[in-house]
Amino acid sequence: MTNCDTIREKIGSWLDGELNAHDSESVRAHLLDCGACADARRQLEKLNLTLNEQLNAEAAPVDFPAFWRAVQQRIEQKRSWHEVWLERWRELASAPKIAWSVPALIALVLAWFSIESFLPGWRAAPRNNFAAVESIDAHGRSVALLRENETKTTVIWLYQDQEGDNETAEDETKSGPAF
Amino acid sequence: MKLLKTRRNRVLLFSLSLVSLAGLGAAAEKNPQSVLVTIRSILAANQSDEFDAKLKGMEQQLKSLKYRSYRSLKDDSKTVPWQGTQSFEIPGGRILSVAPQEYQNNRISLKVRLTENDKPVVDTTVRIPNKGNFILGGPPHEGGALVLSISAATN
Numbered sequence: 816m817t818n819c820d821t822i823r824e825k826i827g828s829w830l831d832g833e834l835n836a837h838d839s840e841s842v843r844a845h846l847l848d849c850g851a852c853a854d855a856r857r858q859l860e861k862l863n864l865t866l867n868e869q870l871n872a873e874a875a876p877v878d879f880p881a882f883w884r885a886v887q888q889r890i891e892q893k894r895s896w897h898e899v900w901l902e903r904w905r906e907l908a909s910a911p912k913i914a915w916s917v918p919a920l921i922a923l924v925l926a927w928f929s930i931e932s933f934l935p936g937w938r939a940a941p942r943n944n945f946a947a948v949e950s951i952d953a954h955g956r957s958v959a960l961l962r963e964n965e966t967k968t969t970v971i972w973l974y975q976d977q978e979g980d981n982e983t984a985e986d987e988t989k990s991g992p993a994f
Numbered sequence: 061m062k063l064l065k066t067r068r069n070r071v072l073l074f075s076l077s078l079v080s081l082a083g084l085g086a087a088a089e090k091n092p093q094s095v096l097v098t099i100r101s102i103l104a105a106n107q108s109d110e111f112d113a114k115l116k117g118m119e120q121q122l123k124s125l126k127y128r129s130y131r132s133l134k135d136d137s138k139t140v141p142w143q144g145t146q147s148f149e150i151p152g153g154r155i156l157s158v159a160p161q162e163y164q165n166n167r168i169s170l171k172v173r174l175t176e177n178d179k180p181v182v183d184t185t186v187r188i189p190n191k192g193n194f195i196l197g198g199p200p201h202e203g204g205a206l207v208l209s210i211s212a213a214t215n
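Residue numbers (my numbering), protein chains in the order written: chain L, 816 to 994; chain B, 61 to 215.
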């Protein structure tokens with residue numbers, strides 16, 4: 816890289832006043848001696864001037880003070896709690912998300928009714944452990960039905976009829992147990 | 061895949077999969093294939109204060125009958141298919157026939173018939189909790205009373 820190339824790279828920074836004193840002095844001295852680099856400086860200054868004029872022409876109609884005041888106001892404004900919740904609800908209730916909840920609800924309902932097949936007894940067992948007698952025919956004999964609360968036991972007790980059955984029964988069995 | 065290109069299609073497809081899975085789960089709820097029926101024959105009497113050690117698990121249940129002694133006579137277990145019938149020989153020449161009817165809400169419905177010398181003694185239908193039992197007692201036996209613990213568990 817020649818000295819001119821190095822200097823031309825620094826001309827932009829030099830014009831903006833971004834170089835340190837040593838570099839700034841070396842660029843200034845070179846531009847005094849080198850016509851090509853001095854031309855490059857003039858072109859760059861001309862470009863800068865054109866850009867500035869164009870930018871100023873575009874920005875003039877914009878009311879920057881009002882714009883910045885509005886931005887400042889939005890930053891400082893504190894939203895109320897119901898506005899925050901409303902916004903969250905709107906996000907949740909957007910159509911695609913609601914669509915997910917419908918099959919999920921159906922799946923939950925079906926799972927509730929089918930869970931018995933996967934976990935037998937989880938639902939019914941704690942409710943009532945008594946056996947339920949739906950029908951009974953003792954063919955003319957006396958019969959007693961006992962439900963013992965402590966052990967949740969259902970007892971069907973048959974009493975001997977007066978004529979007795981085939982087996983010789985003693986008095987105690989004729990009367991049956993004292994429930 | 062064309063079907064998965066739009067968001068709506070993806071949501072619909074996922075929904076259908078969920079419902080299908082749940083439906084499969086619901087269809088899985090059906091009667092177990094068979095029932096293991098266990099009959100314990102016990103002699104309850106008042107001649108002594110003996111309590112058979114084999115009956116330890118049933119002590120509280122039997123105590124409600126207020127006899128003084130309890131002796132295990134026989135234990136018998138058989139697998140019975142739904143709507144099928146199995147017969148159990150009971151001391152004293154009796155036969156106990158058990159026919160599981162249906163399984164609902166974790167309860168097994170059992171049709172039970174006790175016969176003695178081919179004569180029916182009792183016919184009953186009892187709905188017991190799965191793995192639960194009930195007691196059928198009273199027929200006289202060896203100076204005491206025969207007590208049958210009838211339990212059932214799904215297979």
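For each residue, glycine too, the CB sits at the ideal point set by N, CA and C.
Member of the options whose CA lies at the smallest distance from the CA of residue i
i	options	result
L864/L	W927/L, A851/L and D831/L	D831/L
P92/B	V158/B, K191/B and W142/B	W142/B
A205/B	S211/B, S129/B and S157/B	S129/B
F74/B	S916/L, A959/L, I822/L and E906/L	S916/L
A851/L	C819/L, R843/L and I921/L	C819/L
L196/B	N190/B, V181/B and E202/B	V181/B
P160/B	D178/B, L115/B and N190/B	N190/B
I210/B	M118/B, A105/B and F111/B	M118/B
K138/B	T184/B, T98/B, D183/B and G198/B	T98/B
P200/B	S124/B, R100/B and A104/B	A104/B
G153/B	N215/B, T214/B, K134/B and I168/B	K134/B
I822/L	H845/L, N835/L and R962/L	H845/L
K953/L	G192/B, G203/B, T175/B and N215/B	The amino acid at residue 953/L is misidentified as Lys; the sequence shows Ala. Checked all of G192/B, G203/B, T175/B and N215/B; the closest Cα to A953/L is T175/B.
E202/B	R131/B, K114/B, S124/B and V95/B	R131/B
L96/B	L76/B, G198/B, N106/B and F148/B	F148/B
G192/B	S77/B, L170/B and K114/B	L170/B
P151/B	Y127/B, D136/B and S101/B	S101/B
Burial state of residue i (16 or more Cβ within 10 Å)
i	result
T969/L	buried
T145/B	exposed
E121/B	Just to set this straight, residue 121/B is Gln in the shown sequence, not Glu. Q121/B comes out buried.
W972/L	buried
H897/L	exposed
I168/B	buried
A946/L	buried
Q164/B	exposed
E978/L	Below a pLDDT of 50, predicted positions are generally treated as unreliable, and E978/L, at 49, falls in that range; the measurement from the model is reported next regardless. Flag for E978/L reads exposed.
T966/L	exposed
Neighbour list for residue i in chain B, Cβ cutoff strictly below 7 angstroms
i	result
S909/L	Those within 7 angstroms of S909/L in chain B number zero; the least Cβ separation is about 11 angstroms.
Contacts of residue i in chain L (Cβ-Cβ under 9 angstroms)
i	result
D136/B	Those do not exist, as D136/B stays about 19 angstroms from chain L at its closest Cβ, beyond 9 angstroms.
D178/B	Simply none; closest approach about 11 angstroms.
Proximal residues of chain L, C-beta to C-beta of residue i below 7 angstroms
i	result
L196/B	I971
Contacts that residue i makes with chain L (C-beta to C-beta distance below 8 angstroms)
i	result
S124/B	L961, E963, E965, T966, T968, V970 and F994
Residue i Cβ short of 7 angstroms to the ligand MN heavy atom set
i	result
A844/L	Among the ligands in the structure shown, none appear at all, so the ligand MN cannot be discussed.
Amino acids of chain B, ordered along the chain, whose beta-carbon sits closer than 9 angstroms to that of residue i
i	result
I951/L	V182, D183, T184, T185 and V186
Q892/L	Neighbours of Q892/L on chain B: none; closest Cβ ~34 angstroms, over 9 angstroms.
Q858/L	The contacting residues do not exist; Q858/L stays about 54 angstroms from chain B at best.
Using a Cβ cut-off of 9 angstroms, which residues of the region 139-157 of chain B contact any Cβ in chain L, in chain order? G152 and G153
Using 8 angstroms as the threshold, is the region 882-892 of chain L in touch with the region 852-862 of chain L, meaning 3 or more CB pairs across them? no
When you check each C-beta in the region 94-117 of chain B against every C-beta of chain L, which residues fall closer than 7 angstroms? N106
Could you please tell me which residues of the region 867-900 of chain L, in chain order, have their CB closer than 8 angstroms to any CB of chain B? none
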